[in-house]
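Same order as they appear, the protein sequences are chains G and W.
First residue of the first sequence: 19, per our numbering; consecutive thereafter.
First residue of the second sequence: 18, per our numbering; consecutive thereafter.
Here the structure comes first, spelled out in C-alpha cells, and everything after it is commentary.
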Amino acid sequence: MTEPMLEVEDLRVTFRTGPRGTPLDVVRGVSFRLEQGQRLGLVGESGCGKSTTILTLMGLLPPNAEVSGAIRLDGVDILQGGERSMRPHRWTDIAMVFQGAMNAFNPTRTIGAQIAETMRGRGRANRKAAHARARALLGMVGIPPDRADRYPHELSGGMRQRAALAMALANEPRVLLADEPTTALDVMIQAQILELLERLTAELGLALVLVTHDLPLVVETCDRVAMMYAGRLVEIGPAATLFTAAAHPYTRMLFAATPSLDLDRRVTSLTGAPPRPDQELVGCDFAPRCDRAETICHVMSPRTTRVTEQHVAACHFADTGETHRLVPGVVR
Amino acid sequence: MTDHLLDVRALEVTFGSGRGVGTLGRRREVVRAVDSVGFTLDRGETLALVGESGSGKTTTAHAVLRLVEASAGTVRFKGSDLAGLSGSRLRALRKEMQLIYQDPYESLDPRYPVGRIVEEPLLVHRSLPSRQARRERVRQALEQVGLSPAELFLPRRPHELSGGQRQRVAIAAALVLEPDLLIADEPVSMLDVSVRAGILDLLDQLRRSGLGILMITHDLSTAAHYADRIAVMYLGRIVEIGPSRRIVTDPQHPYTRALLSVVPQPHRIRVKRAILSGEIPDAAVIPTGCRFHPRCPISTEDCSSLSPSLEPSPSPDPAHEVACLNLEGRARNTQAATGST
Numbered sequence: 019m020t021e022p023m024l025e026v027e028d029l030r031v032t033f034r035t036g037p038r039g040t041p042l043d044v045v046r047g048v049s050f051r052l053e054q055g056q057r058l059g060l061v062g063e064s065g066c067g068k069s070t071t072i073l074t075l076m077g078l079l080p081p082n083a084e085v086s087g088a089i090r091l092d093g094v095d096i097l098q099g100g101e102r103s104m105r106p107h108r109w110t111d112i113a114m115v116f117q118g119a120m121n122a123f124n125p126t127r128t129i130g131a132q133i134a135e136t137m138r139g140r141g142r143a144n145r146k147a148a149h150a151r152a153r154a155l156l157g158m159v160g161i162p163p164d165r166a167d168r169y170p171h172e173l174s175g176g177m178r179q180r181a182a183l184a185m186a187l188a189n190e191p192r193v194l195l196a197d198e199p200t201t202a203l204d205v206m207i208q209a210q211i212l213e214l215l216e217r218l219t220a221e222l223g224l225a226l227v228l229v230t231h232d233l234p235l236v237v238e239t240c241d242r243v244a245m246m247y248a249g250r251l252v253e254i255g256p257a258a259t260l261f262t263a264a265a266h267p268y269t270r271m272l273f274a275a276t277p278s279l280d281l282d283r284r285v286t287s288l289t290g291a292p293p294r295p296d297q298e299l300v301g302c303d304f305a306p307r308c309d310r311a312e313t314i315c316h317v318m319s320p321r322t323t324r325v326t327e328q329h330v331a332a333c334h335f336a337d338t339g340e341t342h343r344l345v346p347g348v349v350r
Numbered sequence: 018m019t020d021h022l023l024d025v026r027a028l029e030v031t032f033g034s035g036r037g038v039g040t041l042g043r044r045r046e047v048v049r050a051v052d053s054v055g056f057t058l059d060r061g062e063t064l065a066l067v068g069e070s071g072s073g074k075t076t077t078a079h080a081v082l083r084l085v086e087a088s089a090g091t092v093r094f095k096g097s098d099l100a101g102l103s104g105s106r107l108r109a110l111r112k113e114m115q116l117i118y119q120d121p122y123e124s125l126d127p128r129y130p131v132g133r134i135v136e137e138p139l140l141v142h143r144s145l146p147s148r149q150a151r152r153e154r155v156r157q158a159l160e161q162v163g164l165s166p167a168e169l170f171l172p173r174r175p176h177e178l179s180g181g182q183r184q185r186v187a188i189a190a191a192l193v194l195e196p197d198l199l200i201a202d203e204p205v206s207m208l209d210v211s212v213r214a215g216i217l218d219l220l221d222q223l224r225r226s227g228l229g230i231l232m233i234t235h236d237l238s239t240a241a242h243y244a245d246r247i248a249v250m251y252l253g254r255i256v257e258i259g260p261s262r263r264i265v266t267d268p269q270h271p272y273t274r275a276l277l278s279v280v281p282q283p284h285r286i287r288v289k290r291a292i293l294s295g296e297i298p299d300a301a302v303i304p305t306g307c308r309f310h311p312r313c314p315i316s317t318e319d320c321s322s323l324s325p326s327l328e329p330s331p332s333p334d335p336a337h338e339v340a341c342l343n344l345e346g347r348a349r350n351t352q353a354a355t356g357s358t
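Shown next as C-alpha cells:
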C-alpha cells in the first residue's frame, strides 16, 4: 500500500488545568488518513474535540496541552519533534481557515499586504512578487484583484472569508483545514464558499478537512465523513453511506435531529449533551443518549468494527452477527 | 377585517431619513429597510419570515413590536392599530407580544438566578402584585418549557445551564406574561444541532396551545418543518408567501428557487445548485423595478422598470402569492409572439 499523504494515528490531547485541576482528555485516540484531493468532513456537537484535533495538526495548541500519537506527512512523523518539526510545515504544507474571518485579519492593514506578508515571512518572494501573487490569489477565490488595496472592514463577510482562504493558500499548502468556514455566513454565500472549496480541491489537488456541525452540508460537500463524539471518532465512511446506512446510532440520531427539505421525514431531537471531558466514563460514551443501548453498552467500551472496506464504526451493534470481522485497534 | 391576531399592511421602515446632512457634508442616505410588507398571522399559527441578512426580516419584526417606528403602514394586533397607541395602552398590548432573542448566551443576565430572570417581566409590567402568585407563575412557566422540576432550576445561574436550557429560560421569561404572540428571532441558530429540534418542538407545542408565532429564520429547512406558512423576503420586500409545503415543493419566485437549491440536502447529493453571484445589495442603493432583477436568472427588460407586487401564484393554492413579473410575463410574451405571426 502506498503511503497516505497525511496520516494521523492515535492522536491524544490532554489539557492540564493547574496543579490541582483534573486533566481534561479532549482528544482520545483519533486516527484517519487523507489522500491528495480528498475531502474529509469532521462532524460532531460542540465540545467533542473537532477544533482541538485540527489545531493539533497545525501545532497551534496552548502550552498546557499534552499531545501524543503521530501526525505523518508523507510517512514522516512531524509531531515527534515538537514545535521545531511542526513549524516548517505550518502554512506551507498544512494551512487553516478559521471560523471568524473578521478576526483573521489585522484591521489596520490592507488585505493584499497581509496576504503578501505570509509569503515574505518565509523568504520566498520579494516584495513586488509577493504583492502580485496576492492579487492573483484574490482573483482565484473570486475577489476582484483591485480589492487587494482595501482594508478588512471594507469587505463583506463572504468576501472576507474568501480573502482568508486566499491567505491560507498563499504558500501552496497540500492540506487545508477549515473550521466551520461558513457558519457565520448566509446560505447563498455559504454555497458560494463551498463551491469554491470544491473547485480548489479539484484544481489544486488540495486535501480538505472540513470541520462542521452541519451534517447535510458535509454529506453534500465531502467524500468521506468522520463522526466525532467525546474526543473519539465513532464512525468513518463514505459520505453517502453515512447518510443512507449509518452504522453508529450517533450518526443516525444526529441526522434525524437535523431538519431538511424533505417534509415527510420526522425531525427528532437528540436529548442530553455530550459528556464533559472531566467526566468519568464507563462503557460506550454515547450509551446514555443512545436509543438502542443495551446492558453491554453501559459496561463495555465498544471496539471498532469494520462494516465494509471503507466504513468503520465503534458500536457494539455496528455489524450484528458478524463478530469475526471485528478489527482491534484504531479507526482508519 | 380584524379577526386575525396580527394584521400587517403596507409596512414601511426607513432609516437615516432624519433632518440635516450626514457626516462630512454628504447627504444622508435613506435606507428603506422594509417596504410594502403585508401579512397576517392567526392564533395557533406559525409564520416564518425567511431571508438572508439584510432582507429586512428582523426589522419587520421590530416594527411589529414598535421597537422601531414604521414610516408607513398599519400593524393591527388583536384589532387595535398599534401605531395610534402610546403610553399605558401600548404597554398593555406589548405585554401580549413577546420577543425571544437569538442568543441565549447574551439575552440572560448572568448575575441573576433563573427564578429572578423569569420573574423580571412580571415585575416590570407590575402584573402580579403578590410575591406568592409570581413565584407560582414562574414555576408554571419553567415546567411549561420543560425545565422540570422547576425547583431544580430556580436557583441556578445562566452559566450553569446548557445552551438549550438557556433558550428555554428565555422562552419561560416570555411566557410568564401569558402573551398571545411570540416573535422568535432565529431562536435556534446559536444552539447545537442536537438540541435545536427540542426548542422548535417546544415552540410548536406553544403554537398548538393557541399562540401565534412569528419566526424569523434564515434556514428554509427549519421554516419548512416548523412553520405553517413561509414568507420569503428579499431586500425589504416579501417576494413569495404561502403554505410551507407549497413554498418548498412548488416555489415560484426565482429567488425562492435559488435559496432552496443551496440548502444542503443529503438525499439529493450534488444537484446543480443555482448559486446567485454577488450578495444582497446595500439597502441604500435599491435597484429600480424588481429589486431582484440584477441577480435574477430569468429577468427581462420590464423587470428593471416595473416593480412587481404580490399576486396569486399559478399554483392551485389561493394562499400562495408571488411577486414576479415573469410568471405573468411568460404568458404575455407568448401572446405577443403568437400575435405577431
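Glycine included, each C-beta is placed from N, C-alpha and C at the ideal position.
From a predicted model like this one, the values you see are computed outputs, not experimental measurements.
Residue i: contacting residues in chain G (beta-carbon distance under 7 Å)
{"i": "residue 70 of chain W", "result": "204"}
{"i": "residue 209 of chain W", "result": "63, 64 and 231"}
{"i": "residue 218 of chain W", "result": "287"}
{"i": "residue 235 of chain W", "result": "204 and 205"}
Chain W contact residues for residue i, given Cβ-Cβ distances below 7 Å
{"i": "residue 207 of chain G", "result": "296"}
{"i": "residue 285 of chain G", "result": "214 and 242"}
Proximity winner among the options, relative to residue i (alpha-carbon distances)
{"i": "residue 229 of chain G", "options": "G:213, G:56, G:69 and G:294", "result": "G:69"}
{"i": "residue 119 of chain W", "options": "W:74, W:201 and W:186", "result": "W:201"}
{"i": "residue 182 of chain G", "options": "G:283, G:212, G:117 and G:332", "result": "G:117"}
{"i": "residue 97 of chain G", "options": "G:204, G:77 and G:294", "result": "G:77"}
{"i": "residue 202 of chain G", "options": "G:33, G:180 and G:222", "result": "G:180"}
{"i": "residue 52 of chain G", "options": "G:64, G:162, G:144 and G:225", "result": "G:225"}
{"i": "residue 25 of chain W", "options": "W:92, W:247, W:75 and W:71", "result": "W:92"}
{"i": "residue 295 of chain G", "options": "G:24, G:31 and G:23", "result": "G:31"}
{"i": "residue 292 of chain G", "options": "G:304, G:286, G:281 and G:237", "result": "G:304"}
{"i": "residue 137 of chain G", "options": "G:24, G:185 and G:282", "result": "G:185"}
{"i": "residue 124 of chain G", "options": "G:171, G:156, G:284 and G:152", "result": "G:171"}
Proximal chain G residues relative to residue i, where beta-carbon distance stays under 8 Å
{"i": "residue 279 of chain W", "result": "205, 206, 208 and 209"}
{"i": "residue 276 of chain W", "result": "205 and 206"}
{"i": "residue 337 of chain W", "result": "By Cβ distance, chain G contributes nothing, its closest Cβ being about 16 Å from residue 337 of chain W, past 8 Å."}
{"i": "residue 162 of chain W", "result": "Neighbours of residue 162 of chain W on chain G: none; closest Cβ ~14 Å, over 8 Å."}
Same chain, Cβ closer than 8 Å to residue i, neighbours up to 5 away in sequence not counted
{"i": "residue 318 of chain G", "result": "301, 302 and 334"}
{"i": "residue 228 of chain W", "result": "60, 61, 196, 197, 198 and 199"}
{"i": "residue 351 of chain G", "result": "Residue coverage of chain G in this structure runs from 19 to 350, which leaves residue 351 of chain G outside it and unanswerable."}
{"i": "residue 28 of chain G", "result": "47, 48, 49, 86, 87, 88 and 348"}
{"i": "residue 176 of chain G", "result": "203, 204, 207, 210 and 211"}
Proximal residues of chain W, C-beta to C-beta of residue i below 8 Å
{"i": "residue 213 of chain G", "result": "290 and 292"}
Cβ shell of residue i (< 7 Å), same chain only, five flanking positions each side left out
{"i": "residue 321 of chain W", "result": "305, 306 and 310"}
{"i": "residue 34 of chain G", "result": "41, 82 and 84"}
{"i": "residue 53 of chain W", "result": "27, 29 and 254"}
{"i": "residue 102 of chain W", "result": "110"}
{"i": "residue 42 of chain W", "result": "With a pLDDT of 49 at residue 42 of chain W, under the threshold of 50, the modelled position of that residue is not reliable, and the figure given next carries that caveat. So the list is empty, once near-sequence residues are dropped."}
{"i": "residue 310 of chain G", "result": "267 and 335"}
Inter-residue CB distance, residue i and residue j (contact presumed, cutoff 8 Å)
{"i": "residue 162 of chain W", "j": "residue 148 of chain W", "result": "So it is not a contact: roughly 22 Å between Cβ atoms."}
{"i": "residue 180 of chain W", "j": "residue 121 of chain W", "result": "6 Å"}
{"i": "residue 94 of chain G", "j": "residue 194 of chain G", "result": "Between residue 194 of chain G and residue 94 of chain G the Cβ distance is about 20 Å, and since that is not below 8 Å, they are no contact."}
{"i": "residue 368 of chain G", "j": "residue 122 of chain G", "result": "Nothing about residue 368 of chain G can be reported from this structure: the residues present for chain G run from 19 to 350 only."}
{"i": "residue 329 of chain G", "j": "residue 234 of chain G", "result": "With 8 Å as the limit, residue 329 of chain G and residue 234 of chain G do not qualify as a contact, their Cβ atoms being about 19 Å apart."}
{"i": "residue 236 of chain G", "j": "residue 59 of chain G", "result": "3 Å"}
Cross-chain neighbours of residue i in chain W, by beta carbon under 9 Å
{"i": "residue 278 of chain G", "result": "238, 241, 242, 280, 281, 282, 283 and 284"}
{"i": "residue 267 of chain G", "result": "Ordered by position in chain W, no residue passes the 9 Å Cβ test against residue 267 of chain G, which lies about 13 Å from the chain."}
{"i": "residue 176 of chain G", "result": "296"}
{"i": "residue 281 of chain G", "result": "241, 242, 261, 262, 265 and 266"}
{"i": "residue 234 of chain G", "result": "238, 280, 281, 282, 283 and 284"}
{"i": "residue 272 of chain G", "result": "210 and 211"}
Where residue i meets chain G, residues with beta-carbon distance less than 9 Å
{"i": "residue 185 of chain W", "result": "Chain G residues near residue 185 of chain W: none, gap ~12 Å exceeds 9 Å."}
Cβ neighbours of residue i in the same chain (closer than 6 Å, five flanking residues each side left out)
{"i": "residue 99 of chain W", "result": "83 and 92"}
{"i": "residue 341 of chain W", "result": "270 and 325"}
Is it the case that the region 310-330 of chain W contacts the region 266-281 of chain G, given that we only count it when at least three CB pairs across the two stretches are under 8 Å?
Because the criterion of three Cβ pairs below 8 Å is not met, the region 266-281 of chain G and the region 310-330 of chain W do not touch.
Can you find at least 3 beta carbon pairs, one from the region 122-135 of chain W and one from the region 168-181 of chain W, that sit closer than 8 Å?
The region 122-135 of chain W is in contact with the region 168-181 of chain W.
Check whether the region 295-307 of chain W touches the region 267-284 of chain W, counting contact only when three or more Cβ pairs, one atom from each stretch, lie closer than 8 Å.
These segments do not touch.
For the pair the region 225-243 of chain W and the region 274-286 of chain G, tell me if three or more CB-CB distances fall below 8 Å.
Touching, yes, given that three or more Cβ pairs across the two stretches are closer than 8 Å.
Flag this pair as touching only if the region 89-109 of chain G and the region 244-253 of chain G have three or more C-beta atom pairs under 8 Å; answer yes or no.
The region 89-109 of chain G vs the region 244-253 of chain G: no contact.
Is there contact between the region 44-61 of chain G and the region 99-117 of chain G, where contact requires at least three CB pairs shorter than 8 Å?
Taking a cut-off of 8 Å for Cβ pairs, the region 44-61 of chain G and the region 99-117 of chain G do not touch, as fewer than three such pairs fall below it.
Touch check for the region 326-343 of chain W and the region 250-262 of chain W: three-plus C-beta pairs under 8 Å?
The region 326-343 of chain W and the region 250-262 of chain W touch, with no fewer than 3 CB-CB distances between them shorter than 8 Å.
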